[in-house]
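To keep things clear, I will list the structure first and then write my remarks on it.
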Amino acid sequence: MSLYSVEGILVLDSKGDRIYGKYYNPPHSVSDEYAISKSLATSNKIQLEFEKQLFKKTHKKNAEIMLYENHLVLYKEYTDVTLYLIGDGNENELVLQEAFDAYRNSIELVLHNGVDKKNIQENYDLILLAIDELIDNGIILETDPASIASRVTKAPEESVTLDLDKGLLGAWGFAKSKFQERLQQGL
Amino acid sequence: MSTKTYKKFENAGSGDLPDKMTVYQDCMNTFNESPVNPKRCRILISRLLRLLSNGVAFPENEATALFFSISKLFQHQNDALRQVVYLAIKELSGMSEDVLMATSSIMKDVQNGSDLVKPNAIRALTYVLDESTAFSAERLLKSAVVSKHPAISSAALCTSYNLLPISEVTIKRFANEAQEGISDLKQFPNIPYDEHSLLVGEFYPNSSYMAQYHAIGLIYQLKKNDKMAILKLASQLADSNTLKNQLAKVQVVKLIADLINRDPQLFNEFQSVLFAWLTTKHEAVQIEVAKVISTFALRNQRLVAPDSFAYVVSTLQALLTVPRVSTRFAVLRILNKIAMVAPERIALCNPELETLINDTNRNISTYAITILLKTGNASNIASLISRISRFFHDVSDDFKIIIIDAVRTLSLNFPQEWKSIVKFLMDVLKNSEGGLKFKNTVVEAIIDIVSFIPESKELILENLCDFIEDCEFNEILVRILHLLGKEGPYTSKPSLYVRHIYNRVVLENSIIRSAAVVALAKFALTKNDPTLKESIVSLLNRIANDQDDEVRDRATIALRLIESADGDNTNVATELIEPKYFYDLPSLESKLSNYLNTNDDSFKTAFDSSSVRRFTEDEVKAIELKRKQEQSLGATSESSTEAGTKKSKLNDKTENNVFGGSSVGEDEQELLNAKYAEELLAIDQFKEYGKLINSSKSVSLTETEAEFVVNGIKHIFKDYIVLQFNITNTLPDVALTNVSVSCTQEDAETSQLEELFSIAIDKLLPTEVGACYVAFQKTDNLVIEGFLNNLIFTTVDINPDTNEPYEGEEGFQDEYEIDSLYINAGDYVTGSFIGNFDTAFDELPAEEIAVFNIQENLSLQEVIDKIITNSNCLPLNNTQFAPSDSNSHVLKLFGKSVLSGSKVALLIKMIHSSKGIALKVQGKGEDATLCSDLVNGLM
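Chains P and S supply the protein sequences, listed in that same order. Every letter in the first sequence is one number past the one before it in the working numbering, and letter 67, counting from 1, is 63. To convert a position in the second sequence, counted from 1, into the working numbering, add 145.
Written as structure tokens, this is what we have:
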């Protein structure tokens, strides 16, 4: 009974290409080097093949949940993207469903204008932050979409005054250092 | 910025990935700018992360440079920037060579950051700490764990969980604080409207109490070796009402499952809680409880009342009609597992399952069908099959394959219903669309039916002849031709098949032609019919002019073989075309690779193939049948090993036979045995003992949670017996030196064994496994003996810095009593297959009868499992499963002696009554002593 229940999060586009993908591997675990290098979590090649096959199995199939190569896969298709959550085949299906709902709903929350490929690419930072607040190394961190969204910061505003402040400070610092240099040389 | 790079950014928005070098350059320039431009930095970081997420990797020096310049951004106090900086740090920490430079900035944030970035900072600690620095975060993590802010507390618990493998000692120091996290219901603090919405918009957190879930997970990992502590934790959590989070509840159910798997008697204690939670409003909890009870009940039938089980099934039945797809999916998976071993118990759900066949979700409908096929009985198979054929053509290949597999199992279980099944399979083979994989599955199912249900042979072969007239897949054609060649000669009218096969020679490509030639040759060689042989010879003569080399060669060889076969009967030809025995492929492989590796005399001695296990055709069939039956069971025992094998190491693997009939471990067990035998034979003293005749399965001689876990294995040679003890040191900070086992015969005076010597283990560090051996000389007789065993060793404390014992320390000599090990008649027996048990039983000369009464509270299945393990014989006619609806059972076992090869058969009648179980064992064998020893030593 491990807390590491989620094995990966994916966003694929309508052709099955990856827009976002993250596979989790328990950090700091000491296991067989060989097994790790061959596993889904670390080999990009295996991942791409996995995604290709997975997409074939899920595209326009309207199944929501399935068992694929001993992984439980939950997914939801939007017009031109599909969200996936991959978990261990022995995990409780509804625990993963909880996590998947949180994933889907929080993304719907942070992307005000609906979930589509263009929106996801333009607000990539928001997606990244939401997923980061959802899963930590495969541990389900939070399942309430509003709580997740409440921790995703918007992009900072360009603030002119601040820059000016910094500029003045910078100028002063520069003058100070030059002055010190002169003093030292003089000594 | 040049127009070129500008264009690249344009593309970035439209879907293509940004250019790697451009992003790298921009990052390096912008991050090092002063003043920092947070908006631009955040855009660049997310661009960089997009690259990383798509599998683009940076070389180590570039990754380090990026990491370094990103850590400079810590100077800027903007939470929106800080959050993405943490994302980048996490991603880059794996590639960069030095991550320490960020540690102090992160720790500063953990202490003084705003509530918004604190959790991000805490979670980043996982990536920058290692064995040597983890202790420095103790105070920070501890105060974060007790924080009133749920996000901070959760982050600290998760980070501690992630850091466990490298700093268990540090984290144990705040185990108490973590435990408080379970009962402490943390609410999100109110955040002033302005400040918050400026940063994140109009979202407000709801308290979901996830920290409870994380805390339980962490505490379990810290205490998992301490059964009492886990027990206490589970009962506290089960009784109180503190758990608000459903994931936390699921976790507690898993905790209970872990406990009752270790000690089935505890089920009673938790029964009421489990059944109470079966009706909670959280479906996740209901599913988990149902899963736990059903797997437990199937394994420990007598501990769960039939009523309780029925209650679980009816809960599942109700859940089949809920709208949520994943719930129905989960329920079907559980029902499917139950259906594999006890299909009659879920017959109740059949009406719901039948409606689900038409579910729009194909995963669900396929599961429903396969379960129905399993619960099917002789009376409704035909109607089920016709139901399937109705919708079969609409589903995709994958589902077709699943359904065909289920039909195949059905055909093995209900051989008498083969007609409708064969009709169905032939229909899908001939008429449905599908790829190679699907057709291949169908053909495999058909081949299975042919080999296990002889009556079906003629009908199937005739149908296959029709099919090959119009088959597009070479692979399948070749398989069918092989099957025709193998089975065809024994049918009533072989000439029919010869004609069909010859048609292929005329019409098909060279691959198929060669296969057809071999098939034809078999007809000529195995069928003693001169006219048939003559016509085949003339056909082959014609083929011998084929344009393809391979076909010509095969035809010529076949002709020569037929010619030579005219003389005597025992010749090379039949040996080649119809081998009497087959090698055990895995053992052949390991022996061959061993031969290549120990190349002592540059291959002057030939490979000794006699040491490889060989099977006759009957035995091969027995093994295949067994494997197929177990495959269907595999899924149930998967759950018995799911607890451990995946994430932990070797000791779990040897442990899984604790749960009795775990069949998945069988293959592993064989590999393990081969490994032990190899290790044993590599030891000089044992080299002169000759051939290792038999090795027993490993028997555990201690509790699995004892300080030292010991497993015993008995190796039998012609004149010697060697006992092997595998010892695992589970003490965390003590090394054992000079470990040996002293074995005394229970009855030393009359013993027929003489102890020769023992080999001790020099040193056993924590978690290490070592083997020590004790060798005995034995007489020619079957020696049956018990041994009282004592583990003798010297303990030495370990220096935690070097992980080696302190120098010069002498340590304490100590003893530890372990269970006795018995050598019984079963160790001289190995399972063997016989086609017709009843006739063979009557023919064997010696007879022995014994009656046993078992007072202990065991179920029939447990007794059966025990008898099979004790006798080492192969259960036949599917008698290894106790019926769940009857109190009596007949078990048929067959085996042969490993010393002399004499056969022995056991017929065991058992009746379960209120007083216990009465057994009547009737043994027959060629060797009277073996037979009587086996019968009398059975229980």
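Yeah, the Cβ is synthetic: ideal placement off N, Cα and C, and Gly gets one too.
- In the DSSP assignment, P:MET62 falls within the unbroken beta strand (DSSP E) covering 61 to 64.
- With fewer than 16 other Cβ atoms inside 10 Å of its own Cβ, S:LEU737 counts as exposed.
- Going by C-alpha positions, S:ALA985 is about 12 Å away from S:LEU1052.
- Distances from the alpha-carbon of S:LEU529 to those of S:THR515, S:VAL884, S:VAL662 put S:THR515 closest.
- DSSP places S:TYR642 inside the alpha helix (DSSP H), whose first and last residues are 639 to 652.
- A residue is called buried when at least 16 other Cβ atoms come within 10 angstroms of its Cβ; S:LEU901 does not meet this threshold and is exposed.
- Relative to S:ARG644, the option among S:SER655, S:LYS678, S:ILE656, S:ARG624 whose CA is nearest is S:LYS678.
- Using a CB distance below 8 Å, no part of the region 867 to 880 of chain S faces chain P.
- DSSP, reduced to helix, strand and coil, places S:ARG195 within a helical segment of the structure shown.
- Our two residues, S:ASP983 and S:LEU419, have alpha carbons roughly 46 Å apart in a direct line.
- When the five nearest sequence neighbours on each side are left out, the beta carbons in the same chain lying within less than 7 Å of the beta carbon of S:ASP224 are those of SER259, LEU261, VAL262, LEU344, in order along the chain.
- Contact annotation: S:TYR169 and S:LEU211 have beta-carbon atoms nearer than 9 Å.
- In the three-state reduction of the DSSP assignment, S:GLN222 falls in the coil class.
- DSSP places S:THR895 in the coil class of the three-state scheme, outside both helix and strand.
- Assignment of S:GLN890 by DSSP, reduced to helix, strand and coil, places it in the strand class.
- Taking 7 Å as the upper bound on Cβ-Cβ separation, chain P lies near no residue of the region 973 to 992 of chain S.
- Rounded to whole angstroms, S:LYS1037 and S:PRO1020 show a C-alpha spacing of 6 Å.
- For S:ARG268, the residues of chain P that pass the 9 Å Cβ criterion are ASP128, ASP132, ASN133, LEU137, in the order they occur in the chain.
- Rounded to whole angstroms, the gap between the alpha carbons of S:GLU949 and S:ASP371 is 25 Å.
- A direct Cα-Cα distance of roughly 44 Å separates S:TYR306 from S:GLN1025.
- From the listed residues S:LEU274, S:ILE297, S:LEU330, the smallest Cα separation to S:SER312 is found for S:LEU274.
- Between the C-alpha atoms of S:LYS545 and P:TYR64 there is a straight-line separation of about 15 Å.
- A Cβ-Cβ distance of about 15 Å is found for the pair P:VAL77 and P:LEU124, leaving them out of contact under the 8 Å criterion.
- Residue-level contact by beta carbon fails for P:ASP112 and chain S, as no gap is shorter than 9 Å.
- Nearest CB-CB separation between P:ALA37 and chain S: not below the 9 Å threshold.
- Here the alpha carbons of S:VAL854 and S:ILE943 stand approximately 19 Å from one another.
- Close partners of S:MET355 in chain P (Cβ separation under 9 Å): ILE136, LEU137, GLU138, THR139, ASP140, SER143.
- Classified as buried, S:LYS331 has 16 or more neighbouring CB atoms from the shown chains inside 10 Å of its CB.
- Collapsing the DSSP output to three states places S:MET1055 in a strand.
- Under the DSSP assignment, S:GLN869 falls outside any alpha helix (DSSP H), being part of the beta strand (DSSP E) whose first and last residues are 865 to 874.
- Identification of chain S residues near P:ILE61 by a Cβ-Cβ cut-off of 8 Å yields VAL470, SER471, PHE474, ASN508, ordered along the chain.
- Look at the region 228 to 244 of chain S: the residues with a C-beta under 7 Å from a C-beta of chain P are GLN228, VAL229, LEU232.
- In the DSSP secondary-structure assignment, S:PHE997 is bridged to S:LEU1064.
- Chain P has no Cβ within less than 9 Å of the Cβ of S:GLY579.
- Using a 10 angstroms sphere on the CB of S:THR505, the tally of other CB atoms stays under 16, which defines it as exposed.
- The C-beta of P:LYS52 has fewer than 16 other C-beta atoms within 10 Å across all chains shown, which makes the residue exposed.
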